Amino acid sequence: MPRRMLIAGNWKMHGLRADLGFFDSLAAPAARSNAEVLICPPATLLAAAAERCAGTDILLGGQDCHTNATGAHTGDVSAPMLKDAGARYVILGHSERRSDHAESSELVCAKADAALAAGLTPIICVGETLEQREAGEAFDVVGAQLSASLPAGAGTEFVIAYEPVWAIGTGLTASAEDVARMHAFIRTRLSKPASTRVIYGGSVKPGNAAELMALDDVDGALVGGASLDIDAFAAIIATAG
Ligand code: PGA
C-alpha cells in the first residue's frame, strides 16, 4: 500500500478559543485532499477543537505527553488525557522540547511507548543543529537520535519528522537534495521502511512545499508558522495531492 501523505500543523504555544473558526475554514481543504490533515493545537484547545472538527476530515494531535498515564506530575499532560480530549497523534521530541526542556532521546522513546499504549500515533522529531551540519555530523546525529528515540515493539506505528533545527522558524529550508538524502537515510534505519511515513519540517511554506512534497521519500510535512494562517496551510495541503 502506498504511504498516505500527512500534513500536520504544529501550533506550538499559539491559539485561543477565539481562533477555533480556523477549523471551519480548514474543513473544505481537508475534505478535498487525499492527505491526512492534522492540527496539533495547544492542549487547552484540544477538546473544543475536537467538537468543532466532528464530522470533518481534520485530525487532531497533542504536542507532547508525559511518560506516565496518571500521577503526581504538576503541569504535565498524559497520553490518555490527550486521547480523551480527541487527539489521534502526538508530536514527541520536537527540538524546542529537546532544548527548552532538555529532553533526551531516551525520554522521547519512553513517551512514544506511553503514546502507543494510549492508542496515539507518535510523530517523533529528529534533526541536527547548524553547527552539527557544518561539522559534517548531520547523519550521525540523526542516526543516533533514531536509535535512541524509536519505540521497539513489533507492530508499532509511528511517524518520523525530520526537522533540521536551523530551518525551524528561520525561513531557511534545507535544499531538496539535502532533504531527499536525509529522508532516504532515515528510511534505511526503519524496521518497517515501506510503511513508515517520514515527513519534513522546517519553514515549510506554500512557496517551497510542492518541491519538497514531490520527493520520493517525503511523506508529508510538519508545519509550524504557516499552519497558523489558513490560506498558507490550505495551499500547503493542496501540494500533497
Ligand atoms: P516552522 O516550524 O514551520 O515554523 O519552521 C516547524 C516546526 O517546528 O515543526
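The sequence shown begins at -11 in the numbering used here and counts up by one. Every residue, glycine too, gets a C-beta built ideally from N, C-alpha and C. None of the values given here were measured: they were computed from a predicted structure.
- Annotation for E122: no beta strand (DSSP E) segment contains it, though the alpha helix (DSSP H) segment containing it runs L118 to E122.
- Shortest Cα-Cα distance from R169 to any of E199, S191 and L203 involves L203.
- With 16 or more other Cβ atoms inside 10 Å of its own Cβ, T161 counts as buried.
- Checking the 7 Å criterion, the Cβ of L210 is within range of a heavy atom belonging to the ligand PGA.
- Taking the CA atoms as reference points, D219 sits about 9 Å from P194.
- Where N196 is concerned, the enclosing alpha helix (DSSP H) starts and stops at P194 to M201.
- The alpha helix (DSSP H) runs lying completely inside the stretch 139 to 219 and spanning 4 residues or more are 164 to 176 and 194 to 201, given in chain order.
- Checking the 7 Å criterion, the Cβ of E125 is out of range of every heavy atom belonging to the ligand PGA.
- In the displayed model, P(-10) falls within coil according to three-state DSSP, outside both helix and strand.
- Going by beta carbons, I(-5) and A136 fall outside the 8 Å limit.
- DSSP places L4 in no beta strand (DSSP E); its state is neither H nor E.
- The beta carbon of D166 sits closer than 6 Å to none of the beta carbons in its chain outside the five residues before and after it.
- G189 and T62 have their C-alpha atoms some 30 Å from each other.
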